[in-house]
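J.: So that we are looking at the same thing, I have put the structure below in structure tokens.
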Amino acid sequence: MSQPPPLENPFWQFSLRVYTLPGVAECCLCLQDQFGLSVNLLLFAAWMAKLGQSLSVPEVAQALQAIAPLETLATQPLRTLRRTMLKRLDLPTSWQQEWKQKLLAAELYAEQMQQAMLYQWAQTQVWGQTPLKERGAAMSAIASVDRTTLLHTTLHSYIQLVAAPPTPDLQATLQVFKDLLSQEFHSHDWNEIA
199 MSQPPPLENP FWQFSLRVYT LPGVAECCLC LQDQFGLSVN LLLFAAWMAK LGQSLSVPEV
259 AQALQAIAPL ETLATQPLRT LRRTMLKRLD LPTSWQQEWK QKLLAAELYA EQMQQAMLYQ
319 WAQTQVWGQT PLKERGAAMS AIASVDRTTL LHTTLHSYIQ LVAAPPTPDL QATLQVFKDL
379 LSQEFHSHDW NEIA
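Quick note on the working numbering: the sequence shown kicks off at 199 and runs consecutively.
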């Protein structure tokens, strides 16, 4: 990779904002912990839907492939260490708390790198040469696009890849995720995402 993708990008800013909406973080973590889904891909699906784009099964597979090495070799091991191994070590509480915070910071940095990789993937594989600013500006002209349907389409593609057939619990939790994001989809500040 010659030029690394920008860590600070519109997708990252969107994710930071959306993740703080009531219930979104909890729902994302439930989908991650109980069903093995990637929080970054869930947020990516939401961001793409906000931009008026859904992803097919092959596109979701390519996006997952773009982040798989970092997810497998960095993010997941850091998360496991932070959540489980520290509890098993007989260390003073203050050391455990400090180490946990440092591991969380490293895990979030790995998540940010994954998001930068997804952002770059979308720039090159989905939009080609159309600058994101132009896409964002065009969104106001096609505001009638149902972004919840676009999100549903991408999530359906994702689930086809990783959890066939989806359980009723998974379907219900995904519906909660879509419902939580519906307010975000009705916000028409397209300059924020471009």
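Quick reminder that beta carbons are idealized off the backbone N, C-alpha and C, glycines included.
Should Gly376 be labelled buried (16 or more other beta-carbon atoms within 10 Å of its own) or exposed?
T.: The question names Gly, but residue 376 is Lys in the sequence shown. By the 10 Å Cβ count, Lys376 comes out buried.
J.: Quick one, which of Gln381, Pro366, Glu382 and Ser380 has its alpha-carbon nearest Gln232's?
T.: Checked all of Gln381, Pro366, Glu382 and Ser380; the closest Cα to Gln232 is Pro366.
J.: By Cβ distance, which residues of its chain are closer than 8 Å to Leu348, with the 5 residues on each side in sequence left out?
T.: Met246, Ala247, Gly250, Gln251 and Ser252.
J.: Assign Thr273 to one of three DSSP states: helix, strand, or coil.
T.: Thr273: helix per DSSP, three-state reduction.
J.: Evaluate Pro290 with the Cβ neighbour count: other Cβ atoms within 10 Å of its Cβ, from every protein chain shown; 16 or more gives buried, anything less gives exposed.
T.: Burial call: exposed.
J.: May I ask you to report which of helix, strand or coil DSSP gives Ala361?
T.: Correct three-state label for Ala361: coil.
J.: In whole angstroms, what separates the C-alpha of Ile391 from that of Trp325?
T.: With a pLDDT of 49 at Ile391, under the threshold of 50, the predicted position of this residue should be treated as unreliable, though the coordinate-derived value follows. Answer to the nearest angstrom: the Cα atoms are 15 Å apart.
J.: Going by DSSP, what residue range makes up the alpha helix (DSSP H) through Leu452?
T.: This structure leaves residue 452 out entirely; the chain is present only between 199 and 392.
J.: Only counting the same chain, and skipping five residues up and downstream in sequence, which positions put a Cβ closer than 8 Å to that of Leu302?
T.: The residues are Arg280.
J.: Could you check which residue in Ser213, Leu239 and Leu227 has the C-alpha nearest to that of Val360?
T.: Closest option to Val360, Cα to Cα, is Leu239.
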